[in-house]
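Going by the numbering used here, the letters in the sequence shown line up with residues 5 to 152, in that order. Before any comments, here is the structure.
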Amino acid sequence: MKNTGMIRSLDTLYRIVIPKEIRITMNLEVGDPIEFLWNDEGNFIALQRYVGTSCKLCDAIEHLTYFKGKLLCANCITELKGNIGVTTIPVPKIKEPRQKRKRLYHSTEDLIEKLRKLVQEHPNAKQSEYGKWLGVSQGRISQLIKLL
């Protein structure tokens with residue numbers, strides 16, 4: 005048990021409000037049945053969701069059997085045993101390893117000469133366009149312009 009530190013007072017009709025954090029944690033909705041438990045000494049009260057006598061998986065109330073403390077119906081047990089309705093998961097295709105492209109390294113002098121020609125041919129182009137034409141980044145073009 006966990007002490008939440010939340011304290012609620014009884015109203016005039018002896019009701020309490022379950023805090024929102026606990027409702028969310030216990031997945032409680034409006035209209036869900038709640039079971040009250042207390043110890044023999046009468047000084048401890050506990051709340052739990054009322055499960056009743058129905059199948060844990062499909063809520064059927066006939067042909068129930070306990071399995072690890074949970075009630076399951078005969079239909080659900082046979083489905084679980086026979087894997088009925090289970091679809092096979094397709095195996096993903098094995099991808100061929102990507103071939104790494106060798107990076108072309110251009111000397112700074114060659115790039116400066118090519119950039120000088122491009123600037124003469126296209127004086128109003130953007131640095132990113134020069135980069136696409138030369139196969140380098142815009143940042144590298146900026147560095148080369150400083151060296152011009």
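Glycine included, every Cβ here is placed at the ideal spot set by N, Cα and C.
Alpha carbon to alpha carbon, how far is residue 54 from residue 39? Position 50 of the sequence shown, counted from the start, is the residue given in the question as residue 54. Position 35 of the sequence shown, counted from the start, is the residue given in the question as residue 39. Approximately 5 Å, taken between the alpha carbons.
Could you tell me which of 138, 99 and 23 sits nearest to residue 108, measuring between CA atoms? Taking the sequence shown and counting its residues from 1, one reaches residue 108 at position 104. Ranking the options by Cα distance to residue 108, first place goes to 138.
According to the Cβ coordinates, are residue 124 and residue 135 closer than 8 Å? Counting from one through the sequence shown, the residue named residue 124 turns up at place 120. Counting from one through the sequence shown, the residue named residue 135 turns up at place 131. Their beta carbons are not under 8 Å apart, which means residue 124 does not touch residue 135 by this criterion.
Use the C-beta contact count for residue 145: other C-beta atoms within 10 angstroms, 16 or more gives buried, fewer gives exposed. Looking up residue 145 in the sequence shown gives position 141. Sixteen is the threshold: when 16 or more other Cβ atoms of the shown chains lie within 10 Å of the Cβ of residue 145, as they do, the residue is buried.
Only counting the same chain, and skipping five residues up and downstream in sequence, which positions put a Cβ closer than 8 Å to that of residue 51? Mapped onto the sequence shown, residue 51 falls at position 47. The residues are 22, 38, 39, 40 and 41.
Are there 16 or more other CB atoms within 10 angstroms of the CB of residue 152, so buried, or fewer, so exposed? One-based indexing of the sequence shown puts residue 152 at position 148. Exposed is the call here.
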